[in-house]
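Down below is the structure, laid out as structure tokens.
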Amino acid sequence: MGWTCPPNGGRCCSKYGSCGSTSDYCAANVCQPAFGLCNPPISSSSYRDEASMTSGPAATNVPSSPAATNVPSSSFVFSNNTATATSPNTAATPLGPGSITPDNTCGNQGSGKNKGYICKTGSCCSKYGNCGTTADYCAATVCQSAFGRCDTASVRGSVSPDGTCGDVGKGNNAGYICKTGLCCSKYGNCGGTADYCAASKGCQSSFGSCTS
Numbered sequence: 013m014g015w016t017c018p019p020n021g022g023r024c025c026s027k028y029g030s031c032g033s034t035s036d037y038c039a040a041n042v043c044q045p046a047f048g049l050c051n052p053p054i055s056s057s058s059y060r061d062e063a064s065m066t067s068g069p070a071a072t073n074v075p076s077s078p079a080a081t082n083v084p085s086s087s088f089v090f091s092n093n094t095a096t097a098t099s100p101n102t103a104a105t106p107l108g109p110g111s112i113t114p115d116n117t118c119g120n121q122g123s124g125k126n127k128g129y130i131c132k133t134g135s136c137c138s139k140y141g142n143c144g145t146t147a148d149y150c151a152a153t154v155c156q157s158a159f160g161r162c163d164t165a166s167v168r169g170s171v172s173p174d175g176t177c178g179d180v181g182k183g184n185n186a187g188y189i190c191k192t193g194l195c196c197s198k199y200g201n202c203g204g205t206a207d208y209c210a211a212s213k214g215c216q217s218s219f220g221s222c223t224s
């Protein structure tokens, strides 16, 4: 019908034929200037001034900050458009053979996995590649002397320093005897129950007590 919007109130006519005063009605790309007021198109040469939140002429001839190539962003501190280099984070140097263990593994066997780590002072490296301080780690029959402390080897026929005995199983041909009253099982361990002492279960009478 060709009506125009009033100059006050809903002064802009949208492309959908409705009057209003917001950008949905007044923006240049949606407004019909023949039937009301319209906002002028936004110039591509304007920019938003973040400090004052107002529009102003486009900034020109502003030097850009130098680009950091192949450097982590955390390696530069920017101040007044100037990049100042900081010390980059450096990767940890891999530990090699002979280094103090970082994870309680040691040597080249078992958990040691050929890393060659040594145990901390006072600890022993077992044949399974773990550091510890008990006979399971320190006994001469189970200890890796190149990677930690080891107990002095006991002579054959001496009292077991680590609960192993005899020549088979865990006895490992060391020939240790069990403490008085204990029996040496067929698996090379000292104990006091029938599993260790019964002759029918393989008790080694040469290295401890046995029962019939």
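Start counting the sequence shown at 13; every next residue gets the next number (my numbering). Virtual Cβ for every residue (Gly too), placed ideally from N, Cα, C. Remember, it's a predicted structure, so these values are computed and weren't measured experimentally.
- Burial of residue 178 is indicated by the presence of at least 16 other C-beta atoms within 10 angstroms of its C-beta.
- Residue 160 sits close to residue 131, with the two beta carbons spaced by under 9 angstroms.
- For secondary structure counted as the alpha helix (DSSP H) over 4 or more consecutive residues, the region 125 to 212 holds these complete runs in sequence order: 147 to 150 and 206 to 209.
- Under the three-state reduction of DSSP, residue 119 is assigned to strand.
- Residue 189 holds the alpha-carbon nearest to the alpha-carbon of residue 166 among 136, 189 and 157.
- When C-alpha distances from residue 39 are compared across 47, 46 and 52, the shortest belongs to 52.
- Spatial neighbours of residue 213 in its own chain (CB-CB distance under 8 angstroms, excluding positions within 5 residues in sequence) are listed in chain order as 197, 198, 206 and 207.
- Straight-line spacing of the CA atoms in residue 19 and residue 48 works out to 7 angstroms.
- Each of 220, 50 and 136 was checked against the Cα of residue 154, and the nearest Cα belongs to 136.
- Nearest C-alpha to residue 157 among 35, 110 and 222: 110.
- For residue 35, the uninterrupted alpha helix (DSSP H) run begins and ends at 35 to 38, by DSSP.
- In the three-state reduction of the DSSP assignment, residue 218 falls in the helix class.
- Distance check between residue 184 and each of 171, 201, 41 and 113 places 201 closest, using alpha-carbon atoms only.
- Taking each of 170, 43, 116 and 216 in turn and checking the Cα distance to residue 133, the smallest one comes out for 116.
- In its chain, beyond the 5 residues on either side, 153 have a beta carbon closer than 6 angstroms to the beta carbon of residue 186.
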